[in-house]
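To start, the structure itself, in structure tokens.
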Amino acid sequence: MFHVGGARSALFNWVMAKQSGGTLVLRIEDTDASRNSPEWTEGIIRALAWLGMDGGEYEGPYFQSANADKHAEAARTLREQGRAYYCDCTRERIVERTGDSHKGYDGFCRDRGLEAGPGRALRFRTPDEGETVVVDLLRGKPTFENAVLEDFVIARADGSVTFLLANAVDDMSQGITHVVRGEEHLSNAPKQQLLWEALGGTPPVWAHVPVIVNEKRQKLSKRRDKVALEDYRAEGYLAEAMRNYLMLLGWAPSGDREIVPWEVVVEEFRIEDVNTSPAFFDVKKLRAINGDYIRMLPVEKFVAECLPFLEDAPFEVDMGVFNQLAPLAQTRVALLSEIVPMVDFAFLDKPVSDEQSWTKAMKEPAAEILAAAEEAYRDAPWTAEELKNRLEQVGAAHGLKLGKTQAPVRVATTGRTVGLPLFESLEILGRDRTLARIAAARARLSA
RNA sequence: GGCGCAUUCGUCCAGUGGCAAGGACACCACAUUCUCGCUGUGGAAACACGGGUUCGAUUCCCGUAUGCGCUGCCA
């Protein structure tokens, strides 16, 4: 599962690295063993590749867990320097003392001089005075009073190190100069900076990009919102469209344009121009952009993109036929997955039966129209133009315009009231199947 | 509660100390059309509020309100 928010951050990082000639580092922050798995990592790598970031675009992946020794050593050093201390307070005890489950740690064990032991976590002792200034490319200099920064845990009772310390250690050893991440991390920045300084380093430059929110303006979350990049991919969003849309959340290229080639993004993007307020992930707009990208595709490419969806379809596809249908379908799908119901009539033995369409189209003169159409088509030259002409004449005999006349024929042959241009479809369907379907519809009508 | 961040059409983004506040999505019309779609044209739609600063504020400053994020031995 790769979160769209993570994807956007990754894109921002990627573009910045490209522009500056720097190196993008992919680090899997797996310090909490229980929450990670190889599949998880694979999913991320696959999703990045889909967006255009293959292994050559970044260094890594590095697994934070592989650095556990170094992390433990840093924890030990901080302890020895008196910058960290052991604490045996349970969550419950802390809440009991502070009377508030959201007040943070109260410093109870600061001077108890506890040694390492079971149930004892290591806490970093934040300074009592002064302030920590975070230099952020988007937000100026958010400043935090050190006194309000709680003594946070840097190593768990089992000795494993938390991500705050692990990040500082890894950032330093990997020479990280820029950290671009979600705003939810802004309050972690001063803590990490304190760690950097305690460890003798100079903190990186930060850029905390606003969170992406749902329609209720809450941060997109895995449990309540659709956030998995692979889900969008599976629905038929194109990587280019997703990439373009993600960049548009908080930023825009110059001029009155939104849909731009990736090269333009790479050229024009400036992290400091990114908006500082949360952006709504608007699937409607994503979809519209996807439709634009689909229409921009050369038809062969469009066909190729459709392939995976056709393979999953409940029918066998004749590519010769599909190639004829593709140009008709291309302007009509906004998601690649929509291709299936659009062309199924050509591959199914019988058209799908959609009751709504049937009742809507098979009203009064339908039976006569179908009878006349069957008659007119029996010996018609099998071209779209001629099929159209003949049906027009059928309609004229009933005082109907083509718009009305075509409805029953469309539903009889394709099963639906809307779809690809009818006469081209019939031409591709062929005389035999067309006539058989009309006959079947007539039979059903008279039954 | 504390700390931090934010506030231009419903949404995403432009923008300026004096603008008819611009584009896109969505929406509504109209045109085109064999359905749908595409396309084209047009429409409705915003500077959160209150004080300042200023000749003049959407734009600068301060408050208020509202929203969001964090406040874990998660990351």
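The first sequence begins at 7 in the working numbering and counts up by one. Just so you know, even glycine gets a beta-carbon here, dropped at the ideal spot from N, CA and C.
- The alpha-carbon separation between F8 and H404 amounts to approximately 58 angstroms.
- In the DSSP assignment, L32 falls within the beta strand (DSSP E) that extends over 31-34.
- Annotated as distal: L342 and E306, with beta-carbon spacing of 8 angstroms or more.
- If you check the CB distance, I345 and F321 do not come in under 8 angstroms.
- Counting only residues of its own chain and dropping the five nearest sequence neighbours on each side, T104 has a CB closer than 6 angstroms to the CB of D112.
- By the Cβ-count criterion, W46 is exposed, with fewer than 16 other Cβ atoms from all chains shown falling within 10 Å of its own Cβ.
- The DSSP-derived three-state label of V323 is coil.
- E137 carries a strand assignment under DSSP once its states are collapsed to helix, strand and coil.
- Looking at the DSSP output, F158 shares a beta bridge with no other residue.
- Q336 is positioned such that its CB atom lies closer than 8 angstroms to that of R301.
- Taking C-alpha positions only, R85 is separated from T96 by approximately 20 angstroms.
- Excluding five sequence positions before and after R293, the CB atoms of its chain that fall closer than 6 angstroms to its own CB belong to A340, given in chain order.
- Note on geometry: alpha-carbon atoms of Q25 and E264 lie some 20 angstroms from one another.
- Among the bridge pairs identified by DSSP, L128 is matched with Y92, A161.
- Taking the CA atoms as reference points, V31 sits about 32 angstroms from L303.
- F130 and L313 have their C-alpha atoms spaced approximately 55 angstroms apart.
- Assignment of beta-bridge partners to H214 by DSSP yields R187.
- Distances from the CA of L54 to each of E236, G123, G188 were compared; the closest alpha carbon is that of E236.
- Taking a contact to require three or more Cβ pairs closer than 8 angstroms, the stretch 67-79 and the stretch 109-124 do not qualify as touching.
- A442 and R338 have their C-alpha atoms spaced approximately 27 angstroms apart.
- Contact between the stretch 121-129 and the stretch 151-163 is established, with three or more Cβ pairs separated by less than 8 angstroms.
- Using a 10 angstroms sphere on the CB of R99, the tally of other CB atoms stays under 16, which defines it as exposed.
- Secondary structure note for E433: its alpha helix (DSSP H) is the uninterrupted segment 428-435.
- Beyond the five residues adjoining it in sequence on each side, R422 comes within less than 6 angstroms, by CB distance, of D360, S363 in the same chain, given in chain order.
- In the structure shown, G409 falls within a helical segment according to DSSP collapsed to helix, strand and coil.
- At the C-beta level, L120 and M248 stay beyond 8 angstroms of one another.
- Judged by DSSP secondary structure, P314 falls within the alpha helix (DSSP H) whose first and last residues are 305-317.
- The straight-line gap separating the alpha-carbon atoms of A332 and I434 is approximately 12 angstroms.
- For E102, the enclosing alpha helix (DSSP H) has its first and last residue at 97-104.
- According to DSSP, K225 shares a beta bridge with V219.
- Cβ contact annotation for R396 (same chain, cutoff 8 angstroms, sequence separation greater than five): A379, A382, Y383, A386, in chain order.
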